[in-house]
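Single-structure report; data block below.
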Amino acid sequence: MRKVILLVLVFSYSLMAQSAYYRLGYGDIYPTTDPSGSSLGQGVVALQDSVRISLQNPAVLGDLKRVYFGAALGSEFRSVDDVVTNNTRLEQLFMSIPIGKKFGMNFATRAISDFKSEYEINTTEGIFSENSEGGLWDYQIGLGYSYSPQIKLGLKLHTFQGLLRRESIAPIGGEMEMYVIKGDISGKSLELGALANLGEKVSLGLTVDVPYSKPVLNGNDSLGGTYEFNEFIEELNAWPTTIKFGVVYHHSDYTKFISGLRQEVYNDAGFDDARVFALPDGWKTVPVAAFQIAMQRIPSDRTSRSWYKRVGWETGVSIKNHYLVLDDANMIFEYSLLTGLNFGLRNGRALFDLSGEFGSRGGDENLPEELFARVKFGIQINDMWFRKVKRR
């Protein structure tokens with residue numbers, strides 16, 4: 001009986017006004033994790049660079065001439081009602097290798113969703129609190145093919161692996177009861193990519209990521225102080241299909257204008273039968289539309305002795321809506337400024353990236369305004385590090 005009462009209280013308290021980004025749905029979903037993708041937006045799916053490798057579109061792998069290794073570290077700061085939180089973590093590791101003249105392959109892992117949140121509210125009986133930990137990681141293998149200098153194709157297999165632990169403490173009959181849900185999450189998706197060069201000035205990129213085996217939570221729940229637990233399986237039926245489209249206009253040898261669109265489609269009924277990832281009454285899913293436009297300035301001389309000639313930069317703006325709305329009200333929008341720097345070594349062995357994203361989201365009574373800042377640092381090295389230098 002205590003367990004039934006606690007379950008009812010947990011779902012009842014979930015109806016309170018709160019930040020959707022912290023507790024509702026699947027938490028924060030990270031569409032891009034590397035610094036270059038964060039500073040250029042979805043338009044990066046149409047971008048090729050002879051000195052770097054981008055994992056946003058598997059089609060670019062067909063042009064690989066070197067072996068690349070890379071890593072990215074990210075840190076996000078959020079301010080809600082003058083309370084600042086921070087989450088810093090390793091976000092990406094990868095290796096890309098050429099296979100012959102027309103094929104390339106990459107192996108990578110990246111963070112795509114974060115469930116970490118803390119929530120507390122005063123009730124007539126006492127304090128109800130909830131603490132969630134965990135997230136989803138994407139382990140991927142991609143293959144690219146250069147059909148011609150103008151057309152390239154790619155395929156990528158994503159395997160999702162993650163975990164969730166949610167601890168709820170509520171006052172019942174004068175005592176504090178603890179209810180714990182925990183489990184592992186796994187799933188798969190398939191991504192198709194294409195890249196087309198229209199003359200010397202315009203490049204187009206397209207990717208479609210379809211979850212053919214949606215993530216599934218295999219877990220159990222238990223009541224604190226007892227040995228009783230129930231096993232359960234919950235499919236994340238609302239996990240989205242994602243489409244990205246990008247355009248690059250090569251204005252000059254050093255300047256590019258880049259724009260991108262992303263569409264995420266969620267199953268309207270995906271949360272209806274959910275127990276762990278359930279939505280409170282009134283909350284519904286809507287498709288996500290994201291738009292970014294940016295300008296990129298590449299270094300004037302990557303081999304120069306002057307360090308400032310080896311520095312490139314990006315700047316742009318982004319607007320998108322959240323995937324949840326309350327009572328069919330106006331959509332929740334996010335506005336941000338994008339910026340980035342990159343610096344390469346003279347010998348072409350390494351490239352360092354730094355990106356920043358600053359913006360706000362929400363702003364009504366059901367979703368308090370959140371200010372955020374994301375800072376990311378990445379490094380790419382290539383196989384020139386391991387080649388012997390010939391000396392005269």
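Taking the numbering used here, the leading residue of the sequence shown gets 1, the next gets one more, and so forth.
Where is the CB? At the ideal position from N, CA and C, for every residue including glycine.
Report the partner residues of Gly205 according to the DSSP bridge assignment.
-> Numbered from 1 along the sequence shown, position 205 holds the residue referred to as residue 205. Note: Gly205 sits in a beta bridge opposite Leu195, Gly246.
For Ser132, is the classification buried or exposed, using 16 other Cβ atoms within 10 angstroms of its Cβ as the cut-off for buried?
-> If you number the sequence shown from 1, residue 132 lands on position 132. Counting Cβ neighbours within 10 Å, Ser132 comes out buried, since at least 16 surround it.
If we ignore side chains and look at the alpha-carbon of each, how far apart do Leu9 and Gly144 end up?
-> Stepping through the sequence shown from its first residue, residue 9 is reached at position 9. Stepping through the sequence shown from its first residue, residue 144 is reached at position 144. Reliability of the predicted coordinates at Leu9 is poor, the pLDDT of 46 falling under 50, and the value obtained from them is presented with this limitation in mind. Computed Cα separation, rounded: 51 Å.
Which of helix, strand or coil does DSSP assign to Phe377?
-> In the sequence shown, the residue the question calls residue 377 occupies position 377. Here Phe377 sits in strand by DSSP.
Since Pro35 is in the alpha helix (DSSP H), which residue starts that stretch and which ends it?
-> Position 35 of the sequence shown, counting from 1, holds the residue named residue 35. Looking at the DSSP string, the run of the alpha helix (DSSP H) that includes Pro35 is 35-40.
Whole-number beta carbon distance between Ala108 and Ile379, since they are thought to touch under 8 Å = Counting from one through the sequence shown, the residue named residue 379 turns up at place 379. Counting from one through the sequence shown, the residue named residue 108 turns up at place 108. Contact doesn't hold; Cβ gap of about 14 Å is too wide.
Which word fits Ser318, buried or exposed, when buried means at least 16 other C-beta atoms lie within 10 angstroms of its C-beta?
-> The sequence position of residue 318 within the sequence shown is 318, counting from 1. Buried is the call here.
What number of angstroms, rounded off, separates the C-alpha of Lys284 from the C-alpha of Phe257?
-> Working through the sequence shown from its first residue, we reach residue 284 at position 284. Working through the sequence shown from its first residue, we reach residue 257 at position 257. One C-alpha to the other measures close to 36 Å.
To the nearest whole angstrom, what separates the beta carbons of Ser203 and Gln48, a pair I think is in contact under 8 Å?
-> Position 203 of the sequence shown, counted from the first residue, corresponds to residue 203. Position 48 of the sequence shown, counted from the first residue, corresponds to residue 48. With 8 Å as the limit, Ser203 and Gln48 qualify as a contact, their Cβ atoms being about 7 Å apart.
Span of the beta strand (DSSP E) around Thr339 = For the purposes of this step, residue 339 is taken as the residue at position 339 of the sequence shown. 333-344 is the extent of the beta strand (DSSP E) around Thr339.
Find out if the Cβ-Cβ distance for the pair Ile298, Tyr266 is shorter than 7 Å.
-> In the sequence shown, counting from the first residue as 1, residue 298 sits at position 298. In the sequence shown, counting from the first residue as 1, residue 266 sits at position 266. Not in contact: Ile298 and Tyr266 (Cβ atoms no closer than 7 Å).
Alpha-carbon spacing of Ile99 relative to Asn87, whole angstroms = On the sequence shown, position 99 is the one that residue 99 refers to. On the sequence shown, position 87 is the one that residue 87 refers to. Looking at the two C-alpha atoms, the distance is approximately 38 Å.
Could you work out which residue in Glu231, Ala278, Val286, Phe115 is closest to Glu264 when comparing CA atoms only?
-> The residue given as residue 264 occupies position 264 in the sequence shown. Minimum Cα distance to Glu264 is reached at Val286.
Going by Cα to Cα distance, which pick from Leu351, Gln92, Glu228 is closest to Arg310?
-> The sequence position of residue 310 within the sequence shown is 310, counting from 1. Out of Leu351, Gln92, Glu228, Leu351 has the C-alpha closest to the C-alpha of Arg310.
How long is the line joining the alpha carbons of Phe372 and Asp82, rounded to whole angstroms?
-> Within the sequence shown, the letter at position 372 stands for residue 372. Within the sequence shown, the letter at position 82 stands for residue 82. Near 12 Å, if we compare the C-alpha coordinates of Asp82 and Phe372.
Taking Pro171 as part of the beta strand (DSSP E), name the residues at either end of that continuous run.
-> The count along the sequence shown starts at 1 and reaches residue 171 at position 171. Per DSSP, Pro171 belongs to the beta strand (DSSP E) from 151-172.
Could you pull out every residue in the same chain whose Cβ sits closer than 6 Å to the Cβ of Phe414, ignoring the five residues on either side in sequence?
-> In the structure as shown, the chain begins at 1 and stops at 392. Residue 414 is therefore absent and cannot be evaluated.
Identify, in the order they occur along the chain, each residue of the same chain with its Cβ nearer than 6 Å to the Cβ of Val208, setting aside the five sequence neighbours on each side.
-> Translated into the one-based positions of the sequence shown, residue 208 becomes position 208. Contacts found: Leu192, Ile243.
Just to confirm, are Val276 and Ile169 a CB contact at a threshold of 7 Å?
-> If you number the sequence shown from 1, residue 276 lands on position 276. If you number the sequence shown from 1, residue 169 lands on position 169. Cβ atoms of Val276 and Ile169: not closer than 7 Å.
When burial is assigned at 16 or more other CB atoms within 10 Å of the CB, is Leu198 buried or exposed?
-> Along the sequence shown, one-based indexing puts residue 198 at 198. That one is exposed.
Straight-line gap, Leu6 to Gly183 (C-alpha atoms, nearest Å) = Reading the sequence shown from its first residue, position 6 is the one you call residue 6. Reading the sequence shown from its first residue, position 183 is the one you call residue 183. Legend: pLDDT at Leu6 = 47, less than 50; position of this residue unreliable, value from coordinates given subsequently. Each residue's Cα considered, the two are about 19 Å apart.
Helix, strand or coil for Pro299 per DSSP?
-> What you label residue 299 is simply residue 299 of the sequence shown in a count that begins at 1. Pro299 falls in the coil class under three-state DSSP.
Cα-Cα separation, Leu190 to Pro58 | Position 190 of the sequence shown holds residue 190. Position 58 of the sequence shown holds residue 58. Answer to the nearest angstrom: the Cα atoms are 11 Å apart.
Taking all protein chains shown into account, decide if Gln292 is buried (16 or more other Cβ within 10 angstroms of its Cβ) or exposed.
-> Residue mapping note: residue 292 aligns to position 292 of the sequence shown, counting from 1. Classification of Gln292: buried, given that the 10 Å Cβ count is 16 or more.
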